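K.L.:
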Amino acid sequence: MKTKQLGSQGLTASELGLGCMGMSDFYGGRNDEESLKTLERALELGITFWDTADMYGPHTNEELVGRALKDNRDKVTLATKFGIVRDPQNPAARGVNGKPEYLKQAVEGSLKRLGTDVIDLYYLHRVDPDTPIEQTVEAMGQLVKEGKVKGIGLSEVSAETLRKAHAIHPVSAVQSEYSLWTRDPEDGVLDTCKELGIAFVAYSPLGRGFLTGQIKKFEDLEADDYRRFSPRFQGENFDKNLKIVEAIERLAADKNCTASQLALAWVMAQGDFIFPIPGTKRIKYLEENAGAVKVSFNVAELEEINNIFPKDAAAGTRYPQAAMSAVNR
110 MKTKQLGSQG LTASELGLGC MGMSDFYGGR NDEESLKTLE RALELGITFW
160 DTADMYGPHT NEELVGRALK DNRDKVTLAT KFGIVRDPQN PAARGVNGKP
210 EYLKQAVEGS LKRLGTDVID LYYLHRVDPD TPIEQTVEAM GQLVKEGKVK
260 GIGLSEVSAE TLRKAHAIHP VSAVQSEYSL WTRDPEDGVL DTCKELGIAF
310 VAYSPLGRGF LTGQIKKFED LEADDYRRFS PRFQGENFDK NLKIVEAIER
360 LAADKNCTAS QLALAWVMAQ GDFIFPIPGT KRIKYLEENA GAVKVSFNVA
410 ELEEINNIFP KDAAAGTRYP QAAMSAVNR
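The sequence shown begins at 110 in the working numbering and counts up by one.
1) With three or more C-beta pairs closer than 8 angstroms as the rule, is the region 311-330 touching the region 345-359?
2) How big is the Cα-Cα spacing for L263 and P387?
3) Does DSSP classify S83 as helix, strand or coil?
4) Is it buried or exposed for A122, if we count other Cβ within 10 angstroms and need 16 for buried?
5) Taking 7 angstroms as the limit between beta carbons, can you name the residues of its chain near Q114, skipping five residues before and five after?
6) When you compare only the Cα positions, how much space is there between A215 and S133?
7) Starting from the C-beta of N437, find all residues in its chain whose C-beta is less than 7 angstroms away, skip the five residues before and the five after it, and write them out in chain order.
8) Are there 16 or more other CB atoms within 10 angstroms of the CB of N206, so buried, or fewer, so exposed?
9) What is the rounded straight-line gap between the Cα of E396 and the Cα of L187?
10) Please state the DSSP three-state secondary structure of D229.
11) Decide if the region 193-201 is in contact with the region 223-233; the criterion is three or more beta carbon pairs, one per stretch, under 8 angstroms apart.
12) First and last residue of the beta strand (DSSP E) that includes W159?
13) For my contact list, K390 and S144 are in at a C-beta cut-off of 8 angstroms; report their separation, rounded to the angstrom.
14) How about the region 415-429 and the region 335-345: do they share at least three Cβ pairs that are nearer than 8 angstroms?
15) Per DSSP, what are the beta-bridge partners of P385 in this structure?
16) With C-beta atoms as the reference, is R195 less than 9 angstroms away from P238?
17) Going by the beta-carbon positions, is the gap between L127 and F158 smaller than 9 angstroms?
18) Work out the CA separation of L360 and P241 for me, nearest whole Å.
19) Taking S281 as the reference, give the member of T112, S117, M110, K111 with the closest Cα.
Okay, structure coming up:
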């Protein structure tokens, strides 16, 4: 597993990262001991770019990652996020807060839960419509000066917002959903990142697990799995999107790799500044994902994949309508 420069502010990270969200929230079947073993195996494989957020749980995912970091902090490029507010007593309720005073409170909570003195990459999880991005980023930059954060990042922002933010303080990374079935960042964000020397971190590069081929019917999702409420996993959309997966599986068979590996390799092939962070809580899938770094494409193969999967290939929005208003802002 290679390590490469993450942005232009001195950070480095493994070329493939690990999204830790599903270990504690949203996908059901929480098993902390299994997740800790998976995090340990990630270190052995060289997957040392770990991603969490204070809203996952809420709070419990940072606590879990903190347990794994106890004797391994110097081995990990640690990313976490603030800005989406959830009450542990009522986790279904959501808010967004990018106010400087909230940021100061949030970072202290994350540092304590993670058991560390410094966060390598600290993201604004969603843009607060009631707080100018310049104010939030200026306060994030102050955390860098104080030594609590090494680099700052933004999640789900537009190219315009990214430029405004970067003019206030250098942005190390942008994190947004990006995969064969979610191509939104190609509408300006990827080009802006490349131009400004900003890393792009692709979350859900396996389409929330759909592109792995492991989900064949709606009933495969556990009762408390939030994907049951995702438009892409429902009704006719599910059936249409299954055809995408079948095409991926055919291409993967030709490449002698798995569907997951092909989908991840495609994301990595879009630019050396792109870091996919597929999430898993199981060693089996972690090891499978790690094999994606050995898959490469020639120009003709990439052209074939792009012809099969144009930007609008997926049926349904990636979030329910209410949540879509908070992305690409």
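All C-beta atoms in this analysis are idealised placements derived from N, C-alpha and C, irrespective of residue type, glycine included.
This one's a predicted model, so the numbers in the text were calculated from it and none came from an experiment.
P.N.:
Considering the structure as presented:
1) Because the criterion of three Cβ pairs below 8 angstroms is met, the region 345-359 and the region 311-330 touch.
2) In the sequence shown, the residue the question calls residue 263 occupies position 154. In the sequence shown, the residue the question calls residue 387 occupies position 278. Using only the alpha carbons, I get a separation of about 18 angstroms.
3) The first residue shown for the chain is 110 and the last is 438, placing residue 83 beyond what the model contains.
4) The residue you call residue 122 lines up with position 13 of the sequence shown. Buried, since its Cβ has 16 or more Cβ neighbours within 10 Å.
5) For the purposes of this step, residue 114 is taken as residue 5 along the sequence shown, with counting starting at 1. Counting only residues of its own chain and dropping the five nearest sequence neighbours on each side, Q114 has a CB closer than 7 angstroms to the CB of T121.
6) Taking the first residue of the sequence shown as position 1, residue 215 is located at position 106. Taking the first residue of the sequence shown as position 1, residue 133 is located at position 24. Whole-angstrom Cα-Cα distance: 19 angstroms.
7) Against the sequence shown, residue 437 aligns to sequence position 328. Contacts found: E265, S267, D293.
8) Looking up residue 206 in the sequence shown gives position 97. Burial of N206 is indicated by the presence of at least 16 other C-beta atoms within 10 angstroms of its C-beta.
9) Along the sequence shown, read from residue 1 onward, the residue named residue 396 stands at position 287. Along the sequence shown, read from residue 1 onward, the residue named residue 187 stands at position 78. Those two C-alpha atoms are separated by around 20 angstroms.
10) In the sequence shown, the residue the question calls residue 229 occupies position 120. In the three-state scheme derived from DSSP, where H, G and I count as helix and E and B as strand, D229 is classed as strand.
11) Touching, no.
12) For this step, residue 159 is matched to residue 50 along the sequence shown. Annotation for W159: the continuous beta strand (DSSP E) segment containing it runs 158-160.
13) As a first step, residue 390 is located in the sequence shown; it is residue number 281 there, counting from the start. As a first step, residue 144 is located in the sequence shown; it is residue number 35 there, counting from the start. In this structure K390 touches S144 by the C-beta definition: roughly 5 angstroms separates them, less than 8 angstroms.
14) In short, these stretches touch, since the Cβ pair count reaches three.
15) Here residue 385 is taken as the residue at index 276 of the sequence shown, counted from 1. Note: P385 sits in a beta bridge opposite A311.
16) Taking the first residue of the sequence shown as position 1, residue 195 is located at position 86. Taking the first residue of the sequence shown as position 1, residue 238 is located at position 129. It is not a contact, given that the beta carbons lie outside the stated cut-off.
17) Indexing the sequence shown from 1 puts residue 127 at position 18. Indexing the sequence shown from 1 puts residue 158 at position 49. It is a contact, given that the beta carbons lie within the stated cut-off.
18) The residue given as residue 241 occupies position 132 in the sequence shown. The residue given as residue 360 occupies position 251 in the sequence shown. Here the alpha carbons of L360 and P241 stand approximately 45 angstroms from one another.
19) Position 172 of the sequence shown, counting from 1, holds the residue named residue 281. Relative to the Cα of S281, the nearest Cα in the group T112, S117, M110, K111 belongs to S117.
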